[in-house]
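Contents: one structure, followed by commentary.
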Amino acid sequence: MQRLNLPINELESIEFTSIAKELGENTNTPVRRALDKLDFLQKLSVAIELQPLLAIYAREVSLRLHITGLEFEYNDQVFQPKYSQGSCCVLSSNLYLHDKSLGVVRYLSTKPLAQSQRQLIASLEQQLLQPLNNVLIFEHNRRLSLRDHLTGLGNRSYFDETLSCMKSTAQREDRPFSLLMLDLDNFKQVNDQNGHTEGDLVLKQFAKILREALRSNDYVFRFGGDEFVLLLAHSDSLNPSLVAQRIIDMVCQDKLMMGHQVTTSIGFTNWKNGDCNASMIERADKALYHAKDHGKNKFHCLND
């Protein structure tokens with residue numbers, strides 16, 4: 544795959560109209576007037592969240608250039624507002640606003656883009672920079688509001704939002720997923736005997752164990768106290784029992800947990816047609832209590 548690096552901050556500002564004359568038949572909708580720049584910027588400025596902004600940008604670029612796909616990478620996350628499987632060439636462009644890195648945009652195509660096409664991309668990106676910066680600031684503040692302050696995990700609001708999204712995907716694509724509820728056995732005695740500072744260390748260590756036990760496309764949340772919830776994506780290709788056992792083993796092998804005789808009990812359930820958020824939570828909660836009532840330090844699955 545060919546990659547052509549185009550540092551956006553090293554390119555001169557180029558008027559759309561002059562580039563459109565050079566492109567000729569290479570564009571679907573040549574940009575004829577300077578007013579189009581304002582129209583393009585207004586469309587971008589409407590979006591206040593990242594994915595809608597990227598979708599607008601991908602659509603507008605596709606109207607002007609024959610690209611087969613578009614990707615955006617930021618903070619180790621890759622978004623694909625325009626997905627392509629058949630592309631063999633990639634133009635990578637690093638986005639900067641006043642020396643602040645805003646991420647990398649990749650334009651996928653079946654053949655290398657001509658210099659005039661790359662210049663048009665550079666001009667389009669100049670219009671993207673400020674709206675993108677605004678959206679990234681909004682997303683950063685939004686993420687902070689959805690995080691548990693002690694562990695850095697998602698909070699209950701983030702869980703509710705993510706569960707609803709995963710449920711919609713499951714219904715649309717028939718892709719099951721799993722919900723696991725966990726709490727710490729013997730955690731109360733840590734606070735009673737060693738104080739809440741030591742209890743906080745145990746909670747943070749447990750959060751670290753959960754992150755290490757899961758894949759990058761799974762989700763970890765803290766409900767409050769010593770209660771945690773996991774959402775495992777695409778569990779048709781994953782055995783949640785193996786994940787639950789892995790977590791139990793990791794807790795039993797952790798020095799801090801062993802020192803306080805803290806273990807974990809886990810209850811889980813799998814999504815099925817007709818499920819709502821409440822029904823999945825209720826089943827997982829019942830499974831958790833079953834595990835605790837039958838000796839703790841174990842897991843139980845409940846799907847009915």
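Quick note: the sequence shown uses my numbering, first residue 544, plus one each step.
Every residue, glycine too, gets a C-beta built ideally from N, C-alpha and C.
Local Cβ density within 10 Å of residue i, reported as buried at 16 or more and exposed below that
i      : result
Gln620 : exposed
Asp761 : buried
Arg765 : buried
Ile809 : buried
Gln585 : exposed
Pro783 : buried
Glu614 : buried
Gln670 : buried
Arg857 : In the structure as shown, the chain begins at 544 and stops at 847. Residue 857 is therefore absent and cannot be evaluated.
Span of the alpha helix (DSSP H) around residue i
i      : result
Ile599 : Leu593 to Arg607
Phe681 : Gln658 to Ser688
His714 : It should be noted that the sequence gives Gln, not His, for residue 714. Per DSSP, Gln714 belongs to the alpha helix (DSSP H) from Arg699 to Glu716.
Lys798 : Lys798 to Gly802
Val733 : Phe730 to Asn737
Residue i at chain C interface by Cβ criterion, 7 Å
i      : result
Phe615 : Annotation note: the requested chain C is absent from the structure, which comprises a single protein chain.
Given residue i as reference, the closest of the options once Cα atoms are compared
i      : options                           : result
Cys844 : Leu606, Phe583 and Leu723         : Leu723
Val633 : Thr705, Thr653, Leu831 and Asn677 : Thr653
Asp828 : Thr812, Phe749, Asn816 and Leu675 : Thr812
Asp703 : Arg690, Phe681 and Thr694         : Arg690
Gln662 : Ala713, Val604 and Ser630         : Val604
Ser759 : Met709, Ala776 and Asn846         : Ala776
Pro624 : Arg789, Ala830 and Gln594         : Gln594
Leu727 : Phe622, Leu671 and Gln748         : Gln748
Pro674 : Ser588, Ser711 and Lys731         : Ser588
Arg685 : Thr694, Asn698 and Leu693         : Asn698
Boundaries of the beta strand (DSSP E) in which residue i is found, first to last residue
i      : result
Gly767 : Tyr762 to Gly767
Gly612 : Gly612 to Tyr617
Lys625 : Gln620 to Lys625
Leu774 : Glu770 to Leu775
Cβ separation of residue i and residue j, assumed to be a contact under 8 Å, to the nearest whole Å
i      : j      : result
Gln804 : Asn729 : 6 Å
Gln660 : Leu608 : 6 Å
Leu773 : Leu753 : 7 Å
Arg791 : Asn840 : The amino acid occupying residue 791 in the given sequence is Ile; Arg does not appear at that position. At roughly 6 Å, the Cβ-Cβ gap stays under 8 Å, so Ile791 and Asn840 are in contact.
Met793 : Ala756 : 6 Å
Identified DSSP bridge partners for residue i
i      : result
Gly810 : Met724 and His843
Gly646 : Leu638
Leu757 : The partner list for Leu757 (beta bridge, DSSP) is empty, contrary to what the question assumes.
Cys819 : Cys819 pairs with nothing; no bridge assigned.
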